[in-house]
Structure formats: C-alpha cells, structure tokens
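These notes concern the structure reproduced below.
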Amino acid sequence: MQSLPMPRRYLISSLLQPKPPLKLIKSLSHLKQIHAQLLTNDRLKSPPILAQLIQRFSSPLAPTHAHLILTHFHPPNLYLFNVLIRCTKPRDSIHLFAHWVSKSSLSFDDSTYVFVLGACARSCTAVSVLFEGKQVHARVIKHGFLSDVMVGTTAVHFYASNRDVGSARRLFDEMAVRSSATWNAMIKGYCSQKLKVGEYARDAFALFKEMLVSDVSGVTPTDTTMVSVLSAASQLGVLDTGTCVHGYIEKAIYTPELDVFIGTGLVDMYAKCGCLDSAMYVFKRMKERNVLTWTAMVTGLAVHGKGKQALEILDAMEAHCVKPNSVTFTSLFSACCHAGLVEEGLCLFHSMEREFGIEPLIQHYGCVVDLLGRAGHLKEAYSFVKDMKVEPDAVLWRSLLNACKVHGDVVMGEKVGKILLQLQQQTELSVVESSDVSEDYVALSNVYAYAERWEDVGMVRDMMKIKGIQTKPGCSSVQSFRGRLLDV
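Quick note on the UniProt record's numbering: the sequence shown kicks off at 1 and runs consecutively.
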C-alpha cells in the first residue's frame with residue numbers, strides 16, 4: 001500500500017489506541033485507508049473500533065460500506081447493529097431492521113426498538129411509515145419491551161409525529177410508568193399537529209396541568225416542556241394564558257433570558273398574541289440569540305405591519321454576524337407585503353442569492369407575487385411568474401388571482417383563472433384539496449361578478465355543479481371575556 005503522509009501515519013498509530021479519534025477523518029478515501037490499516041493490524045475484532053468505523057461510514061460518506069462491516073462480523077453483534085441503525089438515515093434504518101428481522105440472527109434489545117421507532121418518527125413524510133411503525137410496535141409488545149419507559153416514550157413520539165394523536169394518547173394513558181420525557185413527547189405531539197391546531201393546543205395545556213399535579217417522583221416540567229407549552233400558547237393566541245406560562249417559567253425554572261430556546265418561545269408567543277412590546281423586551285434581554293430568535297422577532301413585526309422595523313432587524317442580524325435562513329427571508333417578505341414596501345421587497349429578493357447565498361424557494365417567489373399584487377402591479381407580477389426559475393404552483397397563481405379580484409382587473413383575472421383551472425385538470429383529484437378547488441372557482445366567479453359579466457358567473461357556477469364541487473362554510477374562533485375560545 002502507498003505510504004501515507006506523516007499526519008496520516010500519526011493518525012493511523014493513534015487509531016490503534018483503545019479510543020481512536022475517528023472524528024478527525026474528513027474524506028471517504030482517507031476512511032478506507034484507515035479501514036485497511038486496521039484490517040492489516042488485526043484490530044477489526046474490537047467492537048468499539050468497529051462501532052466508530054460504522055459511525056463514520058454511516059454518514060453521507062458510504063452507508064453501504066457500514067452495512068458490509070456489520071455483515072462480515074461473525075457472529076452478528078447487537079451492539080454494532082444498534083450503532084448502525086442509530087447513525088443511518090431514517091428510511092435506511094427501517095429497511096435494515098426489516099432485513100435483520102427476516103434473518104432471525106439477532107435478538108434485539110430495548111435500545112434497538114428505541115432507535116427504530118425514532119427512525120419511524122423522523123420518516124413521517126412517507127405514508128407507509130405509519131404502517132411500518134405499527135409493525136415495530138407489535139414486535140415491542142410481543143417481546144415484552146413495552147414496559148420500558150424509553151421504548152414507550154419513543155412509541156408515543158412516533159405516533160404523534162405521524163399525526164396519529166389518538167394512538168399516541170392511548171399509549172400514553174396505558175403506560176404504567178412515565179418519565180418527564182414521556183409527558184414532553186405527548187405535549188409536543190399535540191403542539192406539532194397541522195390540523196385542528198386550536199383543539200390540540202388546548203389538549204396540550206390540559207395535559208400540562210395534569211403534569212403539574214402529578215405526584216410521581218421525578219416527573220416535573222423541564223425546559224423542553226416549557227418550549228412546547230409556549231408553542232401551544234402561541235397557537236391559541238391568548239395573551240393571558242401566555243403570560244401565566246411566562247410567570248410559571250420565571251418562578252419554577254430559571255431566568256428565561258439565559259435559555260435561547262425558552263427565550264425564543266417567549267418572543268414568538270408574545271408576538272403572536274399581539275404584544276410586541278413584551279416580545280421586544282424579552283428579545284433585548286436575551287443573553288444569546290440564534291437565527292430562530294431573530295426570525296421570531298421578524299415574524300412578529302411582519303404580522304403587525306412593522307415592515308421597516310423588520311428590515312432593521314436584518315441589519316442588526318448582520319451586525320451580530322448571524323446569517324439569516326430561508327424562513328427569515330419569508331418573514332421579511334411578509335413584512336414588506338403588509339407594509340407595502342415594494343421596492344424594499346424587490347431589493348431584498350435580489351440580494352437573497354447574491355449577498356446571502358440563499359437560493360429562492362417557491363414560497364419566496366410567492367411572497368414577491370403577493371407583494372406586487374397587493375400594490376396593484378399585476379402585469380409586473382404576471383411577468384415575474386413567467387420568468388421564474390421554478391415551476392409556479394397553484395398557490396402562487398391563486399395569490400395573483402385574488403389580487404386581480406381586489407384591483408378589478410378582469411382581463412388578467414380571467415387569464416390567471418383559466419391557468420388555475422388547467423392546473424387542476426393536470427393534477428390528480430386525490431392530490432388537490434377540495435377546498436382549494438372550490439376556492440379557485442369562487443375567485444374566478446367573483447372576478448366576473450365585479451365586471452358584471454353575469455353570464456360568465458353562471459357558466460362558472462354551472463361548471464361547479466357538473467363537477468360536484470361545493471363550497472364549505474368557514475369557521476372563526478372568538479375569545480370571550482372569561483378567556484374561553486368559542487368557535488363560530
């Protein structure tokens with residue numbers, strides 16, 4: 001083998017120590033040379049060294065190579081298998097687990113099921129993961145690991161991550177022993193749901209109250225608990241509730257300004273509850289701020305029409321050497337939209353990639369279209385859509401159609417409306433939300449109605465009847481004087 005440079009020879013010798021520093025390896029070729037040297041020196045019989053090799057190979061460098069190391073180790077080693085599924089990508093971890101289940105050459109332990117269920121939770125974008133996770137859960141029950149607190153907690157997290165909150169709560173209630181992490185998993189699960197947000201936020205608060213009165217030793221709210229509870233308060237938008245949570249944090253835990261995550265949660269909560277002064281007060285007192293903190297403050301200012309102050313936050317971010325991310329720019333564009341800052345918004349869009357190295361995503365293009373549409377620059381907005389680097393989606397065209405309706409541009413509205421209806425025909429019905437479909441027809445009908453083109457209005461409504469498209473009534477929440485939320 002070709003001799004290695006002095007730094008690498010030094011690393012090879014250090015790898016022969018009981019705890020070799022494999023974290024120093026940066027390239028795949030380097031890692032393979034290390035592997036060869038370990039093989040030559042007969043050091044591949046040591047599970048700790050093999051575990052470090054698997055950990056390095058399981059990174060984006062060479063996941064297949066990591067599996068080969070495990071396969072060629074005889075007899076099969078559970079410790080190495082657990083390292084592999086913990087370090088591998090979630091979907092690959094699930095497939096590896098299924099493969100080794102079929103081989104029946106390993107007896108899995110509690111750590112195995114924690115790692116596999118965790119992988120199922122992180123793979124929740126795929127529809128089939130819920131079914132696969134249920135299969136893992138069935139094996140947990142069959143082999144008697146459900147009594148393990150960590151396994152049960154991870155299973156709760158898995159179900160909640162896959163939007164099966166009912167199963168998560170049933171499993172939570174059935175657990176004989178729960179740790180603070182178990183309560184956190186269920187509370188966070190409620191707060192992470194995308195549908196029925198207000199209902200699940202109230203469930204999160206109810207569970208938090210149960211946690212406070214729990215007499216189980218060692219089960220107390222942690223900083224993770226409070227971050228989730230603050231998220232629930234933000235979703236409800238009830239200032240009194242959020243203020244009470246803040247008071248509890250100050251009294252029972254510690255000064256929130258010292259914790260970047262709790263501080264960020266407070267900024268987000270106060271901003272979404274309409275109390276910008278309190279949000280800014282917490283923001284300025286924080287000892288440490290990350291990009292999420294800055295983005296939360298920008299978002300709060302954007303929602304309340306404080307566009308210029310939001311742009312000043314961007315300048316302050318640069319002064320503090322904090323690089324904005326794509327979400328930050330989405331909030332900044334929103335601020336420009338609400339404040340009518342057209343020129344500033346366009347300059348911001350062009351600076352995204354040029355100055356900050358962030359490639360615009362579809363939502364950023366949509367924000368610019370919304371910005372131009374609100375200002376009545378409909379032709380510029382249409383040209384902007386046509387010149388986009390990415391394919392415009394229905395949401396973007398829908399934004400432009402609504403702008404046409406607001407500004408009474410029937411010609412442009414008819415053109416955009418027909419494009420939207422063509423997109424619906426090209427998209428499978430199962431993919432398109434029925435509410436979005438009806439919204440497009442109604443918007444086009446309103447454009448015709450604004451121009452008093454009643455025959456065209458009738459034509460659109462007849463099309464809706466023929467296709468069986470119905471509009472659904474909306475629902476709003478109103479807070480009573482006693483603080484209760486009523487759906488009307």
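Even glycine gets a Cβ: it sits at the ideal position worked out from N, Cα and C.
Check whether the Cβ atoms of residue i and residue j lie closer than 8 Å to each other.
i           : j           : result
residue 394 : residue 420 : yes
residue 156 : residue 138 : no
residue 401 : residue 384 : no
residue 342 : residue 375 : yes
residue 247 : residue 273 : no
residue 269 : residue 234 : yes
residue 171 : residue 190 : no
residue 348 : residue 332 : yes
residue 181 : residue 201 : no
residue 195 : residue 154 : no
residue 241 : residue 184 : no
residue 300 : residue 279 : yes
residue 261 : residue 227 : yes
residue 307 : residue 338 : yes
residue 265 : residue 286 : no
residue 145 : residue 110 : yes
residue 282 : residue 267 : yes
residue 115 : residue 85  : yes
residue 88  : residue 78  : no
residue 397 : residue 410 : no
Please list the terminal residues of the continuous alpha helix (DSSP H) segment that includes residue i.
i           : result
residue 367 : 362-374
residue 351 : 342-356
residue 235 : 223-236
residue 82  : 78-87
residue 164 : It is not in any alpha helix (DSSP H) - residue 164 carries neither H nor E in the DSSP assignment.
residue 401 : 394-407
residue 120 : 110-122
residue 184 : 180-191
residue 211 : 197-213
residue 453 : Looking at the DSSP string, residue 453 is not in any alpha helix (DSSP H), and its letter there is neither H nor E.
residue 387 : No alpha helix (DSSP H) contains residue 387, which DSSP labels as neither H nor E.
residue 295 : 291-303
residue 259 : From DSSP, residue 259 is part of no alpha helix (DSSP H); its letter is neither H nor E.
residue 322 : Element bounds for residue 322: n/a, residue is neither H nor E.
residue 241 : 239-248
residue 132 : 129-142
residue 92  : 90-103
residue 284 : 276-285
Assign residue i to buried or exposed, taking buried as 16 or more other Cβ atoms, counted over all protein chains shown, within 10 Å of its Cβ.
i           : result
residue 311 : buried
residue 404 : buried
residue 249 : buried
residue 304 : buried
residue 230 : buried
residue 131 : exposed
residue 188 : buried
residue 448 : buried
residue 391 : exposed
residue 3   : Here the model assigns residue 3 a pLDDT of 44, short of 50, so the residue's position is not dependable, and the following value carries that caveat. It counts as exposed.
residue 364 : buried
residue 350 : exposed
residue 490 : Nothing can be reported for residue 490: it is not among the residues displayed for the chain, which extend from 1 to 488.
residue 459 : exposed
residue 166 : exposed
residue 455 : exposed
residue 336 : buried
Which one of the options has the shortest CA to CA distance from residue i?
i           : options            : result
residue 315 : 152, 295, 131, 304 : 295
residue 151 : 166, 131, 179, 132 : 179
residue 334 : 369, 112, 217      : 369
residue 163 : 175, 367, 121      : 121
residue 143 : 133, 117, 411, 108 : 108
residue 94  : 77, 103, 113, 353  : 113
residue 207 : 193, 177, 223, 173 : 173
residue 362 : 377, 387, 77       : 387
residue 119 : 192, 455, 161, 365 : 161
residue 277 : 98, 258, 309       : 309
residue 219 : 243, 81, 352, 149  : 149
residue 243 : 115, 417, 271, 100 : 271
residue 340 : 321, 323, 377      : 377
residue 215 : 406, 98, 198, 177  : 177
residue 92  : 129, 106, 317      : 129
residue 134 : 98, 313, 423, 446  : 98
query = Are at least three pairs of beta-carbons, each pair with one atom in the region 240-254 and one in the region 283-296, less than 8 Å apart?
reply = The region 240-254 is not in contact with the region 283-296.
query = For the 8 Å Cβ check, are there 3 or more pairs between the region 321-339 and the region 350-358?
reply = With a cut-off of 8 Å, the region 350-358 and the region 321-339 count as touching, because enough Cβ pairs lie within range.
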